[in-house]
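Down below is the structure, laid out as structure tokens.
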Amino acid sequence: MATKVHMEALSPTMEEGRLVKWTKHEGDAVKSGDTLAEVETDKAIMELVARADGQLIKVVVPEGSTVPVGNVVAWIGKPGEKVDGDGAVAPAAKSAPATPAKAPPAPQPTTAPTASIAPADATRVKASPLAKRIAREAGVDLKLVQGSGPGGRVIKRDVEGAPVAKTTAAAPAAVPRATPDVRRTGVPYEDVPLTQIRKTIAKRLAASIGPVPHFFLTTEIDMERAAEAREALNKQLDEEGGKISFNDIIIKAVALALVRHRACNAWFQEDHIRYWNEVHIGMAVAIEDGLITPVIRNADMKSLREIGAEARDLAGKARSRRLKPEEYTGSTFSVSNLGMFDIDQFTAVINPPEAGIVAIGTIMPKAVPDGDRVSVRKRLRVTMSCDHRVIDGATGAAFLKTLKQMLENPLAMLL
Amino acid sequence: MASFDVIVLGGGPAGYICAIRSAQLGMSTAVVEQEKLGGVCVNIGCIPTKALLHSAYIAGLLKESKEFGVEASGVKTDYGVAMKRSRRVSDQNSKGVEFLMKKHKITVVKGTGVVQPGKKVKVGSDVYEAKKAVVIATGSRVKGIPQIGLEINKTTVISSDEALLLERVPESLAIIGAGAVGMEFADIFQAFGVKITLIEALPRILPIEDAEASDTLAKSYRKRGIDVIAGAKVTKAAVGKDKVTLDIEAGGEKKQVTAAAVLMAAGRAVNTENIGLKECGIQLTDRGFIKVDQNLQTTAPGYYAIGDVVGPPMLAHKGFREGSVVAEIIAGQKPHAIKYDNVPSVTYCHPEVASIGLTEDQCKEKKLDYVAGRFPFSANGRARGTGETEGFVKILRDKKYGEILGAHIVGAHASEMIHELAVARENEYTVEEIDLAIHAHPTMSEAIGEAALDSLGRVLHI
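So the protein sequences, as listed, match chains A and B.
Reading the first sequence from the start, the letters are residues 1 to 415 in my numbering.
Reading the second sequence from the start, the letters are residues 1001 to 1462 in my numbering.
Shown next as structure tokens:
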């Protein structure tokens, strides 16, 4: 029996893919794990790999065609084996090159690229009767809950949020602001259930301005000393190669400020807030037809040089659309920098489920009062967008104050 | 040096199941056993006692048979005959395990195994090497209470090991410990005409079961003439040649019990000595069990431990599951975690006691918002028909969501009926799903559906 090769969901949001190039051709021997083709997804160009051993006996979809996820694109079988008709199982696959198929046929249960737990049919949720009852009473959407029971079945502890359920009986969950620091405990994050007041804030604010209730805080930062530090560092590095940019310094400062304000290093998760004990900074990068936020992981623990090298590498990959999913997912907070476009200040849109993003304007000389004189100094306007369901005004302001102190006195980053 | 993927130390329930599952997963496997395959369970535990309990059941039945229109005269009991039958049953089962080892091409090494560093096991002068893992399943044994002079001497102070091999019953027997073992032997020997005194240190017999189960059994035993003394402390024991005298304090009163023999049924000791644990870096817990992580791996990588040696509940079916799970872990699979709060507990005395989950007292301690539903077998048609109306089904449910927090069955066939509730709890069914499942009529199991309904305030047959 020949095995079907399906268009797979190569990114979490991918609905269709454009077959850019077949790297294997009809008649080629293939082994499980071999790259068969390059596929352009909504985010990047990814590799479609073989899930069976044998020979690529039939290619159904020509290069350049766009097909919905789940459609058959090729067949793997024994040499000489035939497949029925033209081999195209889903009608839209062959006749609709380049244009997205209207009303794509129901995706067939595909062999997911990884051992995905998501149910093949997203409308049906496998859940225990007890989990269903708890979800119904608590208003939890079971479709959004990842099941840990057999075959991804949602069970009680998934609905309740296991780590929380155990501690609540013993002691009330710690108030996040009481211990706002990021601590490397070995556990990547801590889920803290929403308090009633938090739930009400979330509901009312979301109803007021869309799903993520943003508010904005702007501050102006004096960058004279950061500029001096940068110059000195680059002079030092000249001999060794590599250069530190303002962007690198800002990313590092943001990461370090987040360590001191875990309340801003968080994800909103419908029924709880996930406070991260790790700091992963998403860095918005403009690409030809949109933007993407590659992630600098553990940015608080990396040197400026490492951040610089990584940022350049990721930005390059983003522009050539070669980012892997793990390189653009999982950020805990983001930085969007339009400094190079001569923008004084702007507001950035939060990248959910993160709770905040800072928008970086252009560093420009400005006349500022200096005692009873006026002096011209390099100034930077930074605007933080906050998800009000997670961050309150004072919380965001405290974070910005730390960020400002770090940039105005870069030596503080060494503390 | 012979080598295997997996070497299992101990051929009891945990060990032999681990070996079978390992073999099923394509790993070459050896089991080291110093005595008969099947361990305590098959040879001197679960299996022979069930055979003897059935003898006791028949004896009890014949006493009451006249009422059912069957008159049996001249009924005599002979423990020796019952014992020999129980031995045959044990031997059959042990041979069955031997057959299973052959069927799965598992090498059985006879002798006492000692673990050595480098995933090796020494048996006599031979050393075997494990390529993947060594699994320790050496089990447990009975223990006496030497502190008060009750060291097991195998004549007047005996353990279940000796009780199972008696040719003749003693005239009278004091049983210390009213857990499953004590309860079952009290039942057996009472049916064979022995005068029984059952002594329990904790405030009630069957201390780990729900208090209502303890009460029902205490009443049933006293009705049969068994002297039940709970909350009792044995302060002194005088062990004579053909009798034992125990000084007991219970409820502020002092008492003396004299019996032809004492059966020690209070606790077990794990077999962790002289098997090389320390040399391999395998640590024990404060309570003397082998310390294991979530994957049942000991403090020495590559050495796993399962069954009684890793701690309570010391039950064959808990060992079975650990054996199977550990084999899958060794083979690189990710089996579902064992739910230790969903291991059924069964005592096979008459009437039987079976339970799963929390007792009512535990619900109170945990301050859970619960509702108890009950249904007595006296209101069950099938039970009336067979004259087995002792006992009840009790279901404790969470008040808000109907989760089955605990279930307790006392009555004939309770051991068979508890699994409906085990399946329900494993799958997180609530009392409503129990009710929705249609129970055949007339059956004892209907009482489970009725107890679920009672917890919802909708009981039908009372």
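Beta carbons are placed, not taken as given, at the ideal position from N, Cα and C, and that holds for glycine.
What you are looking at is a predicted structure, and each value in this text was computed from that prediction instead of being measured.
Chain A beta carbons: is any one of them nearer than 9 Å to that of residue i?
{"i": "Glu1428/B", "result": "yes"}
{"i": "Gly1096/B", "result": "no"}
{"i": "Glu1433/B", "result": "yes"}
{"i": "Lys1364/B", "result": "no"}
{"i": "Tyr1303/B", "result": "no"}
{"i": "Glu1403/B", "result": "yes"}
{"i": "Lys1076/B", "result": "no"}
{"i": "Lys1399/B", "result": "no"}
{"i": "Ser1003/B", "result": "no"}
Using 9 Å as the limit for Cβ to Cβ distance, is residue i near chain B?
{"i": "Ser128/A", "result": "yes"}
{"i": "Pro91/A", "result": "The predicted position of Pro91/A is uncertain, since its pLDDT is 39 and thus under 50; no value can be drawn from it."}
{"i": "Ile357/A", "result": "no"}
{"i": "Arg437/A", "result": "Because residue 437/A is not part of the residues shown, which for chain A are 1 to 415, the question remains open."}
{"i": "Glu137/A", "result": "yes"}
{"i": "Thr179/A", "result": "Confidence is the limiting factor: at Thr179/A the pLDDT is only 39, short of 50, which leaves the residue's position unreliable and the question unanswerable from this model."}
What are the boundary residues of the alpha helix (DSSP H) that residue i is part of?
{"i": "Phe1320/B", "result": "1316-1330"}
{"i": "Cys264/A", "result": "Element bounds for Cys264/A: n/a, residue is neither H nor E."}
{"i": "Pro1500/B", "result": "Outside the displayed range of chain B (1001 to 1462) lies residue 1500/B, so it cannot be described from this structure."}
{"i": "Asn234/A", "result": "224-238"}
{"i": "Lys404/A", "result": "393-408"}
{"i": "Phe1189/B", "result": "1180-1191"}
{"i": "Ala131/A", "result": "129-138"}
{"i": "Glu1365/B", "result": "1360-1365"}
{"i": "Pro419/A", "result": "Since the first and last residues shown for chain A are 1 and 415, residue 419/A lies out of range."}
Which stretch, first to last residue, makes up the beta strand (DSSP E) that contains residue i?
{"i": "Gln1256/B", "result": "1253-1259"}
{"i": "Arg373/A", "result": "373-387"}
{"i": "Val1075/B", "result": "Premise fails: Val1075/B is in no beta strand (DSSP E) and is neither H nor E."}
{"i": "Gln1116/B", "result": "1113-1116"}
{"i": "Arg18/A", "result": "16-22"}
{"i": "Lys1223/B", "result": "No beta strand (DSSP E) contains Lys1223/B, which is instead part of the alpha helix (DSSP H) from 1211-1223."}
{"i": "Arg157/A", "result": "Counting along the chain, Arg157/A falls outside any beta strand (DSSP E), though it belongs to the alpha helix (DSSP H) covering 156-160."}
{"i": "Asp1242/B", "result": "Unbroken run through Asp1242/B: none, as it is neither H nor E."}
{"i": "Glu1129/B", "result": "1126-1136"}
{"i": "Lys1122/B", "result": "1120-1123"}
{"i": "Pro193/A", "result": "189-193"}
{"i": "Asp344/A", "result": "From DSSP, Asp344/A is part of no beta strand (DSSP E); its letter is neither H nor E."}
{"i": "Tyr1303/B", "result": "1303-1305"}
| request: Taking only beta carbons into account, state which residues of the region 140-162 of chain A come closer than 7 Å to chain B, listed in chain order. | output: Pro150, Ile155, Lys156
| Any residues in the region 1312-1341 of chain B with a beta carbon nearer than 7 Å to a beta carbon of chain A? Which ones, in chain order? | His1336
| task | Just list the beta strand (DSSP E) runs in the region 1261-1287 of chain B, keeping only unbroken ones of 3 residues or longer that don't cross its boundaries, in chain order. | result | 1261-1264, 1268-1270
| task | Could you tell me whether the region 1253-1264 of chain B touches the region 1097-1115 of chain B, where touching means 3 or more Cβ pairs closer than 8 Å? | result | The answer is no - the region 1097-1115 of chain B does not touch the region 1253-1264 of chain B, with fewer than three Cβ pairs under 8 Å.
| What beta strand (DSSP E) runs, 3 residues minimum, are completely inside the region 1372-1446 of chain B? | 1392-1398, 1404-1411
| Runs of alpha helix (DSSP H) wholly within the region 270-326 of chain A (minimum 4 residues, chain order) | 304-319
| query | Does the pairing of the region 19-28 of chain A with the region 39-56 of chain A give three or more beta-carbon distances under 8 Å? | reply | yes
| request: Examine the Cβ distances between the region 1229-1240 of chain B and the region 1248-1260 of chain B and report whether three or more of them are shorter than 8 Å. | output: yes
| said: Does the region 393-405 of chain A come into contact with the region 1273-1281 of chain B, if we say contact requires no fewer than three beta-carbon pairs (one atom in each stretch) closer than 8 Å? | reply: no
| request: Go through the region 39-71 of chain A residue by residue and report every complete run of the beta strand (DSSP E) that reaches 3 residues or more, in order. | output: 45-49, 54-59, 66-68
| message | Within 8 Å, do at least three Cβ pairs link the region 1209-1224 of chain B to the region 1128-1143 of chain B? | response | no
| Any chance the region 36-46 of chain A sits against the region 322-330 of chain A, with 3 or more Cβ pairs inside 8 Å? | yes
| field | Three or more C-beta pairs below 8 Å linking the region 1320-1332 of chain B and the region 1299-1312 of chain B | value | Yes: the two stretches touch, three or more of their Cβ pairs being nearer than 8 Å.
| task | Could you say if the region 300-311 of chain A and the region 242-251 of chain A meet the contact criterion of at least three C-beta pairs nearer than 8 Å? | result | yes
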